[in-house]
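Novice: Sequential numbering from 1 applies to the sequence shown in full-length UniProt numbering.
Here a beta-carbon is modelled for each residue, glycine too, at the ideal position from N, C-alpha and C.
Computed from a predicted model, the values in this text were never measured in an experiment.
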Amino acid sequence: MTDLKAILGAKLLAVIKESRERPTDYLVCVCDDYTTKIMSSCLRVHAINDAGVGAVVNINFDREYLPSTPAIYFLEPTAENWKTMLGDFAGKRPRYGFVHLYTTSPVPTDLLNQMKGATNFVARVKQFKEINIDFLAVESRVFTFGRPRTIPSLYFKSVAASTLSSELRRTAAQLSSLCVTLGEYPYIRYVQSNGITAEIAKLVDKALENVVRTLPSWKFNPNRGTLLIVDRAIDCIAPLMHEFTYQSMINDILTVDGEICKTKPISKDSSTKSDGKNADAGSFVLSEDDSLWRDLRHKHIGEALPTVNGQFNDFKNKNAVANLSEDASLKDLVKAAKGATSFKSEIQRFTKHLTILENAFDHFDKQGLKKLGEIEQDMVTGVNEDGKKTNKTDLMTSLVSIIEDQSIAPQDKLRLIMIYIIAQDGIKESTRKKLFTVAKLNDKDQDAIQNLFHLGITLQTNRKNSSTLSSATLKKNAALAKSTQLSLMRFIPVIADLIDGIVNGTLDRQTYPYLKEPPEAEHTGRSAASARSARTKPSAAPRANKWRNRGDGDDGDSSGSVPTAMRQMIFIAGGCTFSEMRQIYEAASSTGVELILGSTSTLTPKQFLEEMSSSHTAAADIEINLDE
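So this is what it looks like as C-alpha cells:
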C-alpha cells in the first residue's frame, strides 16, 4: 500500500543518516519555512532526534553559533535562503562546522555561481545534493505543494501572463519531483478543453524526460501508472458545500491548522479546569498516528459519535482500573486523564474526539447547518431527500427564506447563493439583484460570485428552465436519495466520476486525452488490471455511492487489500477539498487500486471564498455586463 508519509520520511531519514559520519555525531538541521513543513509532514521530532539531529532550526530566525557542530542545510533554493546560508560563513567566525547541503529542487545557475564564489562556505561543504523532495505528504494518500491562493494566478485575467507562466512552471516542477521520489514515470492525461492542465502536462513530461536522460541511476516502476491532471474548474460546487463527515466538517466550521484542531467553550455550564478555563476549550492533534482518527475521519458525524461512544464504553468495561463509572461524562473523562497513569493516552484520545465532536454538533445546531445542508443537497442533486424532482419556485422560496434569516452567517448565505447560481447554470438579472439585496452582500461578496465566471461558470441566463443536470443524472440522483440513510450526503464530488473511469479503464480518451498515448497493448492491459482490481470487493449501487463501505474503517490502509502494482495519481491545480480526499480513500479501500490525490494545497470553503474575492481582479475583468 502506498504511504506517502512513510516514503517521504524514509528518504529524509536516509539523507540525515548519510550526513552523520560517526554514530556519536549529532548535527543541527537548518530549514526554511517551506522545508520545515516538509519535514513535519512526515517525521516526528523523536524520529529526527534518533537519526542524529540534535536540533532543527529555522534559517530565518536568530541562531546560536556552533562552530564545531556539523550542519545539514535542507533548503528551497531561493535568493533569500542562499544569502543567509552563505552569510553564515562569510565572517571569520563560522556559524557551524562542516556542511551537508540538500535542496528541494535544482539550484538556479545564478545561485550556483554565488556559491562557487563563497570560498569560506565551499571549503566546509561535505555534500551537496538536489534531492527532489519538493512536496508535503499531508496524509498517506494525499500530497500538496503547500501553496494556497493559486486560483487568482491560474484564472483571473488581471494577473500578468508572467505570473501564470511562473505558477504553471512551479507546479510542474513540484509534480515531477513527486514522480521522481515515488519512482514513477506515469502516462500523463489532462483536460482536453483546458489550456492550464495541458501546459502543466507538457512541462511535467519534459521534466521527466530530462530526468531519464540525465540521471541514468534513477529507476522507475516498469508498470507505469497514470497521472491525471485536472484543475479546480472541474467542480466549483465541492468547495462550497457543507460536508458532514468528521474531517471535512471540522475543517469547515472549527479552527484547524494542519494537524492542530482548536475547540472553544460550548456553554457557561461546561466543566471547569482548575485555572478557570472550560475543559472543552483546547488544542488537539489529529494525525494518522491515531488509529481512531483514521477510522473516524471519513464517517458522517452521526456515525462518528456512536463509534467513539461505543469504543469508550468497551474501554471502560475492559479496564475497570481506569476508575470511570458506566455513565462517566466528558467532565469525568478530563479529570481521569489528569490523574491516570497507565490509561492516560487512551483516555486522552477519547477525550479529544468527544470534545471535538461535541463542538461540531454544537455548531451544527447553533448555525442551522441542517437547514442549510438540506437545501444545498436539493439544489445540486435536483431532487429532494425522497427522490422527487425539486421545483425551482420552491427552491427560490426556501433560498430567500434562509438568506433573510439574521441567524445565518453571512458567509453561509454567500455560499448558498453561489451554489444556486452554479446548479441553475446561471440566473436572471432580476433574480440576481433580488438575492444580492436580500442577503445584503457587500462588494467583496459580489466579487466572489462574479469571479466564478473565470472558472467557466455561467452567471446569467434568460432561460426559464436552466440546470446543469441531465435527465439521466436526475434519475440516478433520485435512486441515490431513496437508497441512502444520510440525506445530507447525497452530493458526490465530480472527482468520483474520474476515479470511477480510472479504476475501470473507462475514462473518456477524448475528454481526458493522453499527452503521449501508451502502447495499445499496455493500455488494454492497464484497463483490464484496473477492472479486475475493481471487482475484488463488491460495489454498492448506485454509482454515486459506490465507494461508501461503512463496514470498512481502514481508509484503504488494510493489509488485507491487494493493490495493483501501478499507481494512479490525480492532481488538482487550484486546491483539493477534504470531500475529494475522502473519495480517494474510499475508492482505494473498496477496489484495492493504488490511488493518490495531490494538489497545490488543501481547500476549505472559507479559503475558496477568500480566493474568489481576491483583490487580484475586479468585476471589470468579466466579459459580460451583469448590470444590463
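For a test of the three-state rule: what should DSSP assign to N359, helix, strand or coil?
Specialist: The sequence position of residue 359 within the sequence shown is 359, counting from 1. In this structure, N359 counts as helix in the three-state DSSP scheme.
Novice: Just list the residues that DSSP pairs G598 with in beta bridges.
Specialist: As a first step, residue 598 must be located in the sequence shown, where it is residue number 598. Answer is F143 and F571.
Novice: Please determine, among L240, R224, I229 and D405, the residue with the shortest C-alpha to C-alpha distance to L203.
Specialist: Taking the sequence shown and counting its residues from 1, the one referred to as residue 203 is at position 203. Out of L240, R224, I229 and D405, I229 has the C-alpha closest to the C-alpha of L203.
Novice: Would you say C576 and T144 are within 9 Å of each other, going by their C-beta atoms?
Specialist: Indexing the sequence shown from 1 puts residue 576 at position 576. Indexing the sequence shown from 1 puts residue 144 at position 144. Their beta carbons are under 9 Å apart, which means C576 touches T144 by this criterion.
Novice: From K444 to Q311, what distance separates their C-alpha atoms?
Specialist: Along the sequence shown, read from residue 1 onward, the residue named residue 444 stands at position 444. Along the sequence shown, read from residue 1 onward, the residue named residue 311 stands at position 311. Taking the straight line from one Cα to the other gives about 46 Å.
Novice: Go ahead and pull the three-state DSSP assignment for G117.
Specialist: In the sequence shown, counting from the first residue as 1, residue 117 sits at position 117. If DSSP states are grouped into helix, strand and coil, G117 belongs with the helices.
Novice: Assign D275 to buried or exposed, taking buried as 16 or more other Cβ atoms, counted over all protein chains shown, within 10 Å of its Cβ.
Specialist: Along the sequence shown, read from residue 1 onward, the residue named residue 275 stands at position 275. Unreliable positioning characterises D275 in this predicted model, as indicated by a pLDDT of 37, which lies under 50. A coordinate reading is not provided.
Novice: Could you give the first and the last residue of the continuous beta strand (DSSP E) run that contains T255?
Specialist: Along the sequence shown, one-based indexing puts residue 255 at 255. Unbroken beta strand (DSSP E) run through T255: T255 to D257.
Novice: My guess is that R297 and I572 are in contact by the Cβ rule of under 8 Å, so how many angstroms apart are they, rounded?
Specialist: By 1-based counting over the sequence shown, the position of residue 297 is 297. By 1-based counting over the sequence shown, the position of residue 572 is 572. Not confirmed; about 19 Å, so no contact.
Novice: Keeping to the same chain, check which residues put their C-beta closer than 6 Å to that of S614; ignore five residues upstream and five downstream.
Specialist: As a working note, residue 614 is residue 614 in the sequence shown. Answer for S614: P152, listed in chain order.
Novice: Apply the 10 Å Cβ neighbour rule to W218 and answer buried if 16 or more other Cβ atoms are within range, or exposed otherwise.
Specialist: The count along the sequence shown starts at 1 and reaches residue 218 at position 218. Exposed.
Novice: I'd like the list of long-range same chain contacts for F491, defined as Cβ closer than 7 Å, with 5 residues on each side in sequence excluded.
Specialist: Translated into the one-based positions of the sequence shown, residue 491 becomes position 491. Same-chain partners within the cutoff: M241, Q377, V380 and T381.
Novice: Taking Cβ to Cβ, would you say E586 is nearer than 9 Å to A481?
Specialist: Looking up residue 586 in the sequence shown gives position 586. Looking up residue 481 in the sequence shown gives position 481. Contact flag unset, no.
Novice: What residue range does the alpha helix (DSSP H) around E607 cover?
Specialist: The count along the sequence shown starts at 1 and reaches residue 607 at position 607. The identity of residue 607 in the sequence shown is Gln, whereas the question assumes Glu. From DSSP, the alpha helix (DSSP H) with Q607 extends over P605 to M612.
Novice: Which residue wins for smallest C-alpha separation from D314, given the options R294, F284, M566 and E346?
Specialist: Counting from 1 along the sequence shown, the entry for residue 314 is found at position 314. Closest option to D314, Cα to Cα, is E346.
Novice: Buried or exposed, going by whether 16 or more other CB atoms sit within 10 Å of the CB of E18?
Specialist: Taking the first residue of the sequence shown as position 1, residue 18 is located at position 18. Exposed.
Novice: Work out the CA separation of L399 and L609 for me, nearest whole Å.
Specialist: The residue labelled residue 609 in the question sits at position 609 within the sequence shown. The residue labelled residue 399 in the question sits at position 399 within the sequence shown. Roughly 19 Å separates the two Cα atoms.
Novice: Below 8 Å on the Cβ atoms is my contact criterion, and I expect K413 with A448 to pass it. Report the Cβ-Cβ distance as a whole number of Å.
Specialist: By 1-based counting over the sequence shown, the position of residue 413 is 413. By 1-based counting over the sequence shown, the position of residue 448 is 448. Not quite, the Cβ-Cβ distance comes to about 12 Å (not below 8 Å), so this is no contact.
Novice: Determine the direct distance from the alpha carbon of F61 to that of Y514, and round the result to whole angstroms.
Specialist: On the sequence shown, position 514 is the one that residue 514 refers to. On the sequence shown, position 61 is the one that residue 61 refers to. Looking at the two C-alpha atoms, the distance is approximately 46 Å.
Novice: Does L455 pass the burial test, meaning 16 or more other C-beta atoms within 10 Å, or should it be called exposed?
Specialist: Reading the sequence shown from its first residue, position 455 is the one you call residue 455. L455 counts as buried, since no fewer than 16 other beta carbons sit within 10 angstroms of its beta carbon.
Novice: In the DSSP assignment, what residue or residues form a beta bridge with C576?
Specialist: Against the sequence shown, residue 576 aligns to sequence position 576. Bridge partners of C576: T602.
Novice: How about D314: is its Cβ closer than 8 Å to a heavy atom in the ligand GDP?
Specialist: The ligand content of the structure shown is nil, which means the ligand GDP is not present either.
Novice: Check whether the stretch 85 to 98 and the stretch 66 to 74 are in contact - that is, three or more C-beta pairs closer than 8 Å.
Specialist: yes
Novice: Looking only at its own chain, which residues have a Cβ that is under 8 Å from the Cβ of S288, when we skip the five neighbours before and after it?
Specialist: On the sequence shown, residue 288 is found 288 positions in, with the first residue counted as 1. A small fix is needed here, since residue 288 is Glu in this sequence, not Ser. K5, E139, S140 and R294.
Novice: Cα-Cα, which of D110, L101 and P148 is closest to I131?
Specialist: In the sequence shown, the residue the question calls residue 131 occupies position 131. Cα-wise, what sits closest to I131 is L101.
Novice: Between which two residues does the beta strand (DSSP E) holding Q127 run?
Specialist: By one-based count along the sequence shown, residue 127 stands at place 127. It spans V125 to E130 - the beta strand (DSSP E) in which Q127 sits, taken as one unbroken run.
Novice: Do you know whose CA, among M249, I72, E358 and I570, lies nearest V494's CA?
Specialist: Reading the sequence shown from its first residue, position 494 is the one you call residue 494. Among M249, I72, E358 and I570, the Cα nearest to that of V494 is on I570.
Novice: According to DSSP, is C261 helix, strand or coil?
Specialist: Locating residue 261 in the sequence shown gives position 261, counting from the first residue. Of the three classes helix, strand and coil, the one that applies to C261 here is strand, per DSSP.
Novice: Are the beta-carbon atoms belonging to T602 and N251 less than 9 Å from one another?
Specialist: Translated into the one-based positions of the sequence shown, residue 602 becomes position 602. Translated into the one-based positions of the sequence shown, residue 251 becomes position 251. In this structure, T602 places its C-beta atom within 9 Å of the C-beta atom of N251.
Novice: Enumerate in chain order the residues of its own chain whose CB-to-CB distance from R149 is below 7 Å, with the five nearest sequence positions on each side excluded.
Specialist: Locating residue 149 in the sequence shown gives position 149, where the first residue counts as 1. If we look at R149 and ignore the five residues flanking it on each side, its Cβ neighbours are E611.
Novice: For L305, which residues from the same chain have a beta carbon less than 6 Å from its beta carbon, with the 5 sequence-adjacent residues on both sides left out?
Specialist: Counted from its first residue, the sequence shown places residue 305 at position 305. Once the five neighbours on either side are set aside, the close Cβ partners of L305 are L357.
Novice: Report buried or exposed for E580, applying the criterion of at least 16 other Cβ atoms within 10 angstroms of its Cβ.
Specialist: Counting from 1 along the sequence shown, the entry for residue 580 is found at position 580. By the neighbour-count rule (16 or more Cβ atoms within 10 Å), E580 is buried.
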